[in-house]
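So the protein lines, in turn, are chains A and B.
Note that the first sequence covers residues 219 to 430 in the numbering used here.
Note that the second sequence covers residues 219 to 430 in the numbering used here.
Virtual Cβ for every residue (Gly too), placed ideally from N, Cα, C.
2 protein chains.
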Amino acid sequence: MGNLAPWRSPLARALHRNRSLIYARYLQLATVRSDGTPANRTVVFRGFGPDQGQDQDQGLGDRLRFVTDRRSEKIAQIAANPAAEACWYFPKTREQFRLAGRLRAWQGGDLDAVSGDGTGGAKLRSRLWQALSAAAQLQFAWPSPGGDRQDLDQNPDAFNPPPPDAIAPPDTFAVLELEPHRVDWLQLRGDPQDRICFWHDGDRWHQRNINP
Amino acid sequence: MGNLAPWRSPLARALHRNRSLIYARYLQLATVRSDGTPANRTVVFRGFGPDQGQDQDQGLGDRLRFVTDRRSEKIAQIAANPAAEACWYFPKTREQFRLAGRLRAWQGGDLDAVSGDGTGGAKLRSRLWQALSAAAQLQFAWPSPGGDRQDLDQNPDAFNPPPPDAIAPPDTFAVLELEPHRVDWLQLRGDPQDRICFWHDGDRWHQRNINP
Numbered sequence: 219m220g221n222l223a224p225w226r227s228p229l230a231r232a233l234h235r236n237r238s239l240i241y242a243r244y245l246q247l248a249t250v251r252s253d254g255t256p257a258n259r260t261v262v263f264r265g266f267g268p269d270q271g272q273d274q275d276q277g278l279g280d281r282l283r284f285v286t287d288r289r290s291e292k293i294a295q296i297a298a299n300p301a302a303e304a305c306w307y308f309p310k311t312r313e314q315f316r317l318a319g320r321l322r323a324w325q326g327g328d329l330d331a332v333s334g335d336g337t338g339g340a341k342l343r344s345r346l347w348q349a350l351s352a353a354a355q356l357q358f359a360w361p362s363p364g365g366d367r368q369d370l371d372q373n374p375d376a377f378n379p380p381p382p383d384a385i386a387p388p389d390t391f392a393v394l395e396l397e398p399h400r401v402d403w404l405q406l407r408g409d410p411q412d413r414i415c416f417w418h419d420g421d422r423w424h425q426r427n428i429n430p
Numbered sequence: 219m220g221n222l223a224p225w226r227s228p229l230a231r232a233l234h235r236n237r238s239l240i241y242a243r244y245l246q247l248a249t250v251r252s253d254g255t256p257a258n259r260t261v262v263f264r265g266f267g268p269d270q271g272q273d274q275d276q277g278l279g280d281r282l283r284f285v286t287d288r289r290s291e292k293i294a295q296i297a298a299n300p301a302a303e304a305c306w307y308f309p310k311t312r313e314q315f316r317l318a319g320r321l322r323a324w325q326g327g328d329l330d331a332v333s334g335d336g337t338g339g340a341k342l343r344s345r346l347w348q349a350l351s352a353a354a355q356l357q358f359a360w361p362s363p364g365g366d367r368q369d370l371d372q373n374p375d376a377f378n379p380p381p382p383d384a385i386a387p388p389d390t391f392a393v394l395e396l397e398p399h400r401v402d403w404l405q406l407r408g409d410p411q412d413r414i415c416f417w418h419d420g421d422r423w424h425q426r427n428i429n430p
């Protein structure tokens, strides 16, 4: 594993200091569509990986984890182009992290692949699935996201399906892992503001103070 | 002008209902870099355009305005690829707008061009410049954003320059205008959540209810 990336402690500290705001765990994830235009949506941070059993916010890894429906557009976008940039603004401490890197999707068919934990992707999916609330789990049994809205007159139970298995994730459940290779940390509170750029050259992390 | 786009009233309402949170005016703007990877950063909403003199949040236009430093990377990105997607999450009302469209930059050299207001770009730039605080104006006289951090031992006044003219914008001041052609509005409060997709076909706006 080696050491933590130099931006990981500041990011964990921001999470901690903003923990009273539930939406401080929401960030915006940009990918590129097949037509070359950008896509951008809010996702919920689900912890760092590989975590090797530690508390998810304080784990050993430098990867950011999210969960998504495998039927969502971003799954197809990532398969064609894994490049992504997450933008994470923390309202209370007034700081921004821009995290550029590659996204990896862990889906139901990846049972034999090895996750960043050195465990099967199946184990990773199971763990993040079991950490969801029952209401969040239920959404993975809903009709396809982005599809024509289900007519509740014709299909009254479309959004009230039998609850999925609480232990074994359904095929619609996917885990996303972002592995950053460049991070831009801006702290608005300074005067002038502090801004540090971190980048990984394939061997190790470097950092440089830059103008805000 | 014609009528407002059908997503404009919901967006203005969200702005109004979240007005107690200063950061509800912050959104994330994704563009594409020249190497085909996405870029994503937080920007501050500066009003709708064309506004024809109305209150900026309630103006007649369907375009979203931001200000930026013309030395920032996004200016070069937009020149090569004007496609953008803004992601705007409103914490208090728990709703998200994803606004995909084209970005236009108004810079110092655009004096003769006509903005969406039917005025010269110079007038648009002047108005948004004069709406900035003195502290915000000062940043446009700072060293180039993203460049190596100025050494305050060698250049102690790098971030304390003479204040720029409060009336006439400097060449570093640029206005960005996003003209959306597709908007995805998600309201998390419903059960199931409500989600509407709006799109402009070159002639008029259409809308469709979709699955969340």
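What in chain A is Cβ-close to residue i, meaning under 7 Å?
| i | result |
| --- | --- |
| B/Gln425 | Within chain A, no residue comes near B/Gln425; the closest Cβ sits about 11 Å away, beyond 7 Å. |
| B/Ala392 | Within chain A, no residue comes near B/Ala392; the closest Cβ sits about 17 Å away, beyond 7 Å. |
| B/Gly364 | Ile428 and Asn429 |
List, in order along the chain, the chain A residues whose C-beta lies closer than 9 Å to that of residue i?
| i | result |
| --- | --- |
| B/Thr249 | Ala248 and Pro256 |
| B/Ser252 | Simply none; closest approach about 12 Å. |
Distance, Cα to Cα, residue i vs residue j?
| i | j | result |
| --- | --- | --- |
| A/Ser290 | A/Thr249 | 13 Å |
| A/Ala386 | A/Tyr244 | 25 Å |
| B/Ile293 | B/Ala359 | 17 Å |
| A/Cys415 | B/Asp287 | 18 Å |
| B/Gly267 | A/Gly420 | 45 Å |
| B/Gly408 | A/Arg367 | 14 Å |
| B/Ser391 | A/Asn373 | Rather than Ser, the amino acid found at residue 391 of chain B in this sequence is Phe. Those two C-alpha atoms are separated by around 54 Å. |
| B/Phe315 | A/Ala230 | 28 Å |
| A/Leu356 | B/Gly364 | 44 Å |
| A/Arg167 | A/Gly339 | There is simply no residue 167 of chain A to check, as chain A begins at 219 and stops at 430 in what is shown. |
| A/Met219 | A/His418 | Residue placement at A/Met219 is poorly supported in this model, since its pLDDT is 45, which falls under 50; the coordinates still yield a value, given next. Taking the straight line joining both Cα atoms gives about 15 Å. |
| A/Gln405 | A/Asp371 | 51 Å |
| B/Leu278 | B/Arg226 | 9 Å |
| B/Asn427 | A/Asp369 | 10 Å |
| A/Asn221 | A/His424 | 13 Å |
| B/Ala384 | A/Ala297 | 49 Å |
| B/Ser252 | A/Trp403 | 22 Å |
| B/Ala352 | A/Ser351 | 47 Å |
| B/Gly254 | B/Ala318 | 17 Å |
| B/Ala223 | B/Arg413 | 17 Å |
| A/Gly326 | A/Lys341 | 11 Å |
| B/Gln411 | B/Val393 | 35 Å |
| A/Ser238 | B/Arg235 | 21 Å |
| A/Tyr241 | A/Asp280 | 21 Å |
| A/Gln443 | B/Asn429 | As shown, chain A starts at 219 and ends at 430. That puts residue 443 of chain A outside it, with no answer to give. |
| A/Ser362 | B/Ala232 | 27 Å |
| B/Pro382 | B/Ala349 | 14 Å |
| B/Pro300 | A/Asp375 | 43 Å |
| A/Pro203 | B/Val285 | Nothing can be reported for residue 203 of chain A: it is not among the residues displayed for chain A, which extend from 219 to 430. |
Just to make sure I have the definition right: I need the residues of chain A whose C-beta is within less than 8 Å of the C-beta of residue i. Which are they?
| i | result |
| --- | --- |
| B/Arg367 | Arg413, Arg426, Asn427, Ile428 and Asn429 |
Given the structure, does residue i come close to the ligand GDP, in the sense that its CB is under 6 Å from one of the ligand's heavy atoms?
| i | result |
| --- | --- |
| B/Arg283 | As for the ligand GDP, it is missing from this structure, which has no ligand bound. |
From the DSSP output, which residues share a beta bridge with residue i?
| i | result |
| --- | --- |
| A/Pro256 | A/Val250 |
| B/Asn221 | Answer is none; B/Asn221 lacks a bridge partner. |
| A/Gly319 | A/Ala302 and A/Pro398 |
| B/Thr307 | Looking at the sequence itself, residue 307 of chain B is Tyr, so the reference to Thr does not match. B/Gln314, per the DSSP bridge assignment. |
| B/Asn427 | B/Ile414 |
| B/Leu245 | B/Val261 |
What residues from chain B crowd round residue i, counting only those whose CB sits closer than 7 Å?
| i | result |
| --- | --- |
| A/Phe377 | Pro410 |
| A/Thr311 | Ordered by position in chain B, no residue passes the 7 Å Cβ test against A/Thr311, which lies about 12 Å from the chain. |
| A/Trp360 | Pro410 and Asn429 |
Residues of chain B with a CB under 9 Å from the CB of residue i: which are they?
| i | result |
| --- | --- |
| A/Thr286 | Residues of chain B passing the Cβ test: none, with the nearest at roughly 13 Å. |
| A/Arg316 | Ala257, Asn258, Arg259 and Thr260 |
So with CB distances below 8 Å, who are the chain B contacts of residue i?
| i | result |
| --- | --- |
| A/Glu303 | Ala248, Thr255, Pro256, Ala257 and Asn258 |
Unbroken stretches of the beta strand (DSSP E), 3 residues or longer, contained in the region 259-305 of chain A: 281-287
The region 247-267 of chain A touching the region 300-314 of chain A, judged by at least three CB pairs closer than 8 Å: yes
Three or more C-beta pairs below 8 Å linking the region 313-328 of chain A and the region 251-262 of chain A: no
Touch test, the region 388-405 of chain B against the region 343-350 of chain A, Cβ-Cβ under 8 Å, three pairs minimum: Pairwise C-beta distances place the region 388-405 of chain B out of contact with the region 343-350 of chain A, as fewer than three of them are shorter than 8 Å.
Completely contained beta strand (DSSP E) runs for the region 337-415 of chain A, where each covers 3 or more residues: 391-405
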